[in-house]
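Asks: Handing you this structure, nothing more for now.
If you want it as structure tokens, here you go:
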């Protein structure tokens, strides 16, 4: 019986099914912990760095909003988190997490905006799996590629120099640079379309 | 036939990976930049190895021979993803140090090697001891290699960065980061590994002569 095709399929199917169940369970248990940790250890220090000198009157982590981004190509629900900072009852700064496919996987970027003068306050890589020494340089905050975003005006859109914009790529890491910039551009678009309405609340 | 004790202890010297059982060299060379990387990788591998060995041994009479490798990989991959998620949740700094090498435990040849060569032919108790022995041997080897490289490279020993457990053994001057940078670079791993193997062979030769 062990050599029958149907038996092989059944055994492999059962093993894969049980493996899937086990993984779904573990993922369900660990996801909230991982998300909480990312919020506390990665996003909070970055937000403090970007907004720290502004004396905001609210806690942007506590007042975070979930932004529905519709569905991706495979029909999975996409969401991101929007952090808004208020001053005098008015939303003055915003930050949000976006991602784009890089060379070795998704690059996750946190972009912070100053809404009054339409400037990017700063960008930060939250996670990446790019090539060491090349694309992985997006993780380094002192990297000129990362620094160039600070103070950039986004009202006319952000673009790579090859597309007529102002962003210079990291040489030798074009794919990673384009992906990173794409994530920033996405964040810019989302802020432009969503924060106007959120500010009214 | 080995006794149960021998089944466990063979992994600690006689068949210690990666020196005697020349398997699992990629993670050995990649993550042993620090003591923490060494033992972290070793323990993660041990967990996967023990769990997959037990399960594969339990199912060895059910799994059809023709699809055994596929079944083994599904089982191993499941335990690896569980390890990855749990480490991300509870030991985030270690998980970042090891990075992509945690998911790569799936293709660590030690685990599939033990599944195919041992667990699929032996009972659960023996498979457990085999996995534990080989895994702890691997942990020991990686920790010694990582500790040696870190000590010579930076003068420090990182036990567990998340709890700020690191020792400065050789104090360096102000602004100096490395003692002997070569040791924490990839080629240093080869040299260090070679030196350790030399030492192990010398000891084995001595004890063989004495006997």
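Residue numbers (our numbering), protein chains in the order written: chain A, 1 to 201; chain B, 202 to 412.
Each residue gets a CB set at the ideal place from its N, CA and C atoms; glycine is no exception.
The model shown is predicted, which means the values in this text are computed figures rather than measured ones.
Using a Cβ-Cβ cut-off of 6 Å (strictly less than) and excluding sequence neighbours within five positions of residue 51 of chain A, which residues of its own chain qualify?
Replies: 85, 93
Asks: With a cut-off of 8 Å on the beta carbons, I'd call residue 251 of chain B and residue 336 of chain B a contact; round off their distance for me.
Replies: 6 Å
Asks: How many angstroms separate the CA atom of residue 205 of chain B from the CA atom of residue 216 of chain B?
Replies: 15 Å
Asks: Under 9 Å Cβ-Cβ, which residues of chain B neighbour residue 129 of chain A?
Replies: 300, 301
Asks: Any idea what DSSP makes of residue 120 of chain A, helix, strand or coil?
Replies: In the three-state DSSP reduction, residue 120 of chain A falls in the strand class (E or B).
Asks: Give the secondary structure of residue 396 of chain B by DSSP, where H, G and I count as helix, E and B as strand, and everything else as coil.
Replies: helix
Asks: Around the Cβ of residue 195 of chain A, are there at least 16 other Cβ atoms within 10 angstroms (buried) or fewer (exposed)?
Replies: buried
Asks: Can you tell me the Cβ-Cβ gap for residue 414 of chain B and residue 350 of chain B, rounded? I've got them flagged as a contact below 8 Å.
Replies: Residue 414 of chain B falls outside the range modelled here, since chain B spans only 202 to 412, and no answer is possible.
Asks: Classify residue 277 of chain B: buried if its beta carbon has 16 or more other beta carbons within 10 angstroms, exposed otherwise.
Replies: buried
Asks: Between the C-alpha atoms of residue 25 of chain A and residue 34 of chain A, what's the straight-line distance to the nearest angstrom?
Replies: 15 Å
Asks: What are the partner residues of residue 114 of chain A, as DSSP defines its beta bridges?
Replies: A:93, A:119
Asks: Considering only C-alpha positions, which residue in the set A:62, A:16, A:14, A:49 is nearest to residue 36 of chain A?
Replies: A:62
Asks: Apply the 10 Å Cβ neighbour rule to residue 8 of chain A and answer buried if 16 or more other Cβ atoms are within range, or exposed otherwise.
Replies: With 16 or more Cβ atoms within 10 Å of its Cβ, residue 8 of chain A is classed as buried.
Asks: Taking all protein chains shown into account, decide if residue 266 of chain B is buried (16 or more other Cβ within 10 angstroms of its Cβ) or exposed.
Replies: exposed
Asks: For residue 103 of chain A, return the contacting residues in chain B, with the cut-off set at a CB-CB distance below 7 Å.
Replies: What residue 103 of chain A touches in chain B: nothing, since even the nearest Cβ is about 13 Å away.
Asks: How is the alpha helix (DSSP H) around residue 131 of chain A delimited, first residue to last?
Replies: Looking at the DSSP string, residue 131 of chain A is not in any alpha helix (DSSP H), and its letter there is neither H nor E.
Asks: Of all the CB atoms in chain C, is at least one closer than 8 Å to the CB of residue 125 of chain A?
Replies: Here chain C cannot be found, since the structure's protein chains are A and B.
Asks: In chain A, which residues lie less than 8 Å from residue 271 of chain B when you measure between Cβ atoms?
Replies: 12
Asks: Select from the segment 267–297 of chain B all residues with a C-beta closer than 8 Å to any C-beta belonging to chain A, and list them in chain order.
Replies: 267, 268, 271, 272, 275, 276, 278, 279, 282, 283, 286, 287, 289, 290, 291, 293
Asks: For a contact meaning CB atoms closer than 8 Å, what does residue 26 of chain A contact in chain B?
Replies: 282, 283, 286, 287
Asks: Roughly how far, in whole angstroms, is the beta-carbon of residue 65 of chain A from the beta-carbon of residue 102 of chain A, given that I think they are within contact range, below 8 Å?
Replies: Incorrect: roughly 27 Å between the Cβ atoms, too far for contact.
Asks: What residues in the segment 107–119 of chain A bring their beta carbon closer than 7 Å to a beta carbon of chain B?
Replies: none
Asks: Does DSSP put residue 260 of chain A in a helix, a strand or coil?
Replies: What is shown of chain A runs 1 to 201, which leaves residue 260 of chain A out entirely.
Asks: Taking DSSP's pairing of strands, which residues face residue 368 of chain B in a bridge?
Replies: Answer by DSSP bridge pairing, in chain order: B:358.
Asks: Could you have a look at residue 140 of chain A and say whether DSSP puts it in helix, strand or coil?
Replies: coil
Asks: With 8 Å set as the bound, which would you pick, yes or no: does the beta-carbon of residue 223 of chain B sit closer than that to a beta-carbon of chain A?
Replies: no
Asks: Do we get a CB-CB distance below 8 Å when we pair residue 43 of chain A with the residues of chain B?
Replies: no
Asks: Pull up the distance between the alpha-carbon of residue 136 of chain A and that of residue 130 of chain A, whole angstroms please.
Replies: Rounded to whole angstroms, the separation of the alpha carbons of residue 130 of chain A and residue 136 of chain A is 5 Å.
Asks: Can you confirm whether the segment 45–59 of chain A touches the segment 315–327 of chain B when touching is taken to mean that 3 or more C-beta pairs between the two stretches lie within less than 8 Å?
Replies: no
Asks: Give the DSSP-derived three-state secondary structure of residue 216 of chain B in the structure shown.
Replies: coil
Asks: If you run the structure through DSSP and keep just helix, strand and coil, what is residue 178 of chain A?
Replies: For residue 178 of chain A, the secondary structure class from DSSP, reduced to helix, strand or coil, is helix.
Asks: Taking residue 295 of chain B as the reference, give the member of B:243, B:326, B:263, B:323 with the closest Cα.
Replies: Sorting B:243, B:326, B:263, B:323 by C-alpha distance to the C-alpha of residue 295 of chain B places B:243 at the top.
Asks: Does residue 216 of chain A get closer than 8 Å to chain B when you measure Cβ to Cβ?
Replies: As shown, chain A starts at 1 and ends at 201. That puts residue 216 of chain A outside it, with no answer to give.
Asks: Is the Cβ of residue 8 of chain A closer than 8 Å to any Cβ of chain B?
Replies: yes
Asks: With a threshold of 8 Å between beta carbons, is residue 265 of chain B in contact with chain A?
Replies: Chain A, which has a Cβ nearer than 8 Å to the Cβ of residue 265 of chain B, makes this yes.
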